[in-house]
């Protein structure tokens, strides 16, 4: 952890933000004193106190270094992708770029709802955005958990997990200890299964394994009931990062 703080301090000193840590923190979308507190927090290694991974990705971008360098000391991301944890960090570091690409392709909540209305809820109407969505089975109110059918290569789930792995996502959802949360998911998906799109703002706050960084993010979740396609009646989940 000390190495992480030392590399962050060195990167700041070597950048145009030298002596302007408060300004850097603000321009990265963080609180004015957030970076200062990160640099001077002796308990940063404690679980639950690490900085958010997407906030640090923005800091790294402004400093002209990679997130992998700040966390692992790796100057070349390709050299640090041998473990699942490192792959998650690499994917997270490009999350903002992926979000930018989404915007360029006019992927937004409004665009998704418009496309749903125009396509009549046919899965084929979303092929150009398929990489950004996860697909779930239609849900019933009595289900214990959700059933994952597919994970898009550029979906927020894939970015967070480090790879588009339906089995990994299924395990993560099934093992959530908060039964009230799981029931709320089932309610949302079962309601969507009746033919009505569902839009909400969701929050994720998860400690990265063996790293000082947490995945902390807010995102729009758009659930769309679709027919056709290789899965038949199903639900598309487009989770769009709020930056």
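In my numbering, the protein residues as written are 18 to 260. Backbone N, C-alpha and C fix where the C-beta goes; we use that ideal spot for every residue, glycine too.
For the alpha helix (DSSP H) containing residue i, name the first residue and the last one.
i           : result
residue 53  : 51-57
residue 127 : 126-136
residue 197 : 196-210
residue 158 : Segment: none, residue 158 is in no alpha helix (DSSP H) and carries neither H nor E.
residue 38  : 38-44
residue 188 : 183-191
residue 175 : 173-178
Where residue i and residue j are concerned, what is the direct C-alpha to C-alpha distance, given to the nearest angstrom?
i           : j           : result
residue 16  : residue 35  : A query on residue 16 cannot be resolved here, the shown segment of the chain reaching from 18 to 260 and no further.
residue 227 : residue 60  : Because residue 227 sits at a pLDDT of 46, beneath the cut-off of 50, its placement in the model cannot be relied upon, and the following sentence gives the value as read from the coordinates. Whole-angstrom Cα-Cα distance: 15 angstroms.
residue 187 : residue 254 : 14 angstroms
residue 203 : residue 217 : 14 angstroms
residue 68  : residue 129 : 32 angstroms
residue 57  : residue 175 : 33 angstroms
residue 95  : residue 178 : Low confidence applies here, because residue 95 scores a pLDDT of 41, under 50, leaving its location unreliable and the question unanswered by this model.
residue 181 : residue 256 : 14 angstroms
residue 29  : residue 258 : 26 angstroms
residue 118 : residue 48  : Low local confidence applies: a pLDDT of 44 at residue 118 is under 50, so the model's placement there is unreliable, and no value is given.
residue 133 : residue 124 : 12 angstroms
residue 209 : residue 158 : 11 angstroms
residue 237 : residue 193 : 20 angstroms
residue 251 : residue 154 : 5 angstroms
residue 80  : residue 32  : 6 angstroms
residue 205 : residue 90  : 42 angstroms
residue 131 : residue 162 : 29 angstroms
residue 135 : residue 197 : 35 angstroms
residue 77  : residue 189 : 29 angstroms
residue 191 : residue 214 : 23 angstroms
residue 51  : residue 139 : 45 angstroms
residue 207 : residue 195 : 18 angstroms
residue 84  : residue 160 : 39 angstroms
What residue range is occupied by the uninterrupted beta strand (DSSP E) comprising residue i?
i           : result
residue 152 : 150-154
residue 252 : 251-258
residue 166 : 165-168
Compare the C-alpha of residue i against each of the options and name the closest.
i           : options            : result
residue 183 : 222, 158, 164      : 164
residue 156 : 32, 199, 220       : 199
residue 221 : 235, 214, 33       : 235
residue 38  : 80, 53, 47         : 53
residue 43  : 30, 72, 20         : 72
residue 241 : 219, 126, 161, 191 : 126
residue 75  : 41, 50, 90, 55     : 41
residue 22  : 46, 192, 195, 86   : 86
residue 137 : 50, 212, 26, 46    : 212
residue 82  : 50, 131, 189, 26   : 26
residue 88  : 20, 205, 79        : 20
residue 55  : 139, 32, 31, 24    : 24
residue 173 : 160, 219, 84       : 219
Next item on the list: Determine contact between the stretch 237-255 and the stretch 141-159, defined as no fewer than three beta-carbon pairs at a distance below 8 angstroms.
Entry: yes
Item checked: the stretch 148-155 touching the stretch 169-182, judged by at least three CB pairs closer than 8 angstroms -> yes
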